[in-house]
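The structure under discussion appears below in the form of structure tokens.
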Amino acid sequence: MNCCSAGEQAGQINIGLGASVARSLMPSVICRFHQQHPQVKVRIMEGQLLAMINELRQGELDFTINTYYPGPYDHEFSFEKLFEKPFAVFARAGHPAAQATSLGS
Numbered sequence: 000m001n002c003c004s005a006g007e008q009a010g011q012i013n014i015g016l017g018a019s020v021a022r023s024l025m026p027s028v029i030c031r032f033h034q035q036h037p038q039v040k041v042r043i044m045e046g047q048l049l050a051m052i053n054e055l056r057q058g059e060l061d062f063t064i065n066t067y068y069p070g071p072y073d074h075e076f077s078f079e080k081l082f083e084k085p086f087a088v089f090a091r092a093g094h095p096a097a098q099a100t101s102l103g104s
């Protein structure tokens with residue numbers, strides 16, 4: 000998996016999305032990202048949180064934006080609340096997204 004990281008301008012980023020995020024928030028975000036990083040391929044997988052957690056564990060996803068609810072995975076992943084609705088970004092330990100202090104870094 001080639002995830003884009005700081006300074007990298009090509010590769011692939013694999014994103015898992017909950018249904019409501021996939022339909023409402025992400026189309027404009029992905030369009031803007033693609034305009035800024037045209038060489039980066041964006042792969043989207045849509046599904047419920049538990050399915051996305053399994054994909055994260057297997058390294059198939061770089062991160063997921065999904066509805067958050069407490070579960071046994073809380074100790075495995077870094078996550079940050081994005082909205083008053085229970086959406087959060089999950090990233091596996093060691094992934095650059097897990098080290099970020101904000102979504103822009």
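Residue numbers (numbering that gives the first Met the number 0): 0 to 104.
For each residue, glycine too, the CB sits at the ideal point set by N, CA and C.
Just so we're clear, the structure is a prediction, and the values are computed from it rather than from any experiment.
Taking residue i as the reference, which of the options has the closest Cα?
i: glycine 17; options: Arg31, Tyr67, Phe76; result: Tyr67
i: glycine 15; options: Ser101, Ala96, Gln47, Ala99; result: Gln47
In whole angstroms, what is the alpha-carbon distance linking residue i and residue j?
i: glycine 58; j: glycine 10; result: 15 Å
i: phenylalanine 62; j: methionine 25; result: 13 Å
i: cysteine 3; j: valine 88; result: Its pLDDT being 47, under 50, cysteine 3 is placed unreliably in this model, and the coordinates cannot settle the point.
i: leucine 55; j: glutamine 38; result: 23 Å
i: asparagine 13; j: proline 71; result: 23 Å
i: alanine 96; j: phenylalanine 32; result: 16 Å
i: aspartate 73; j: glutamate 79; result: 11 Å
i: leucine 60; j: glutamate 83; result: 24 Å
i: glutamate 75; j: proline 69; result: 12 Å
i: leucine 81; j: serine 23; result: 14 Å
i: histidine 36; j: asparagine 53; result: 28 Å
i: alanine 99; j: leucine 49; result: 23 Å
Starting from residue i, follow the beta strand (DSSP E) in both directions and report where the run begins and ends.
i: glutamine 35; result: First-last for glutamine 35: 25-35, but that is the alpha helix (DSSP H), not the beta strand (DSSP E).
i: glutamate 79; result: 76-80
Specify, as a first and last residue, the run of the alpha helix (DSSP H) that residue i falls within.
i: glutamine 11; result: Here glutamine 11 belongs to no alpha helix (DSSP H); instead the beta strand (DSSP E) covers 10-16.
i: glutamate 54; result: 48-56
Do residue i and residue j have their C-beta atoms within less than 7 Å of each other?
i: valine 41; j: isoleucine 29; result: yes
i: serine 77; j: alanine 90; result: yes
i: asparagine 106; j: methionine 51; result: There is simply no residue 106 to check, as the chain begins at 0 and stops at 104 in what is shown.
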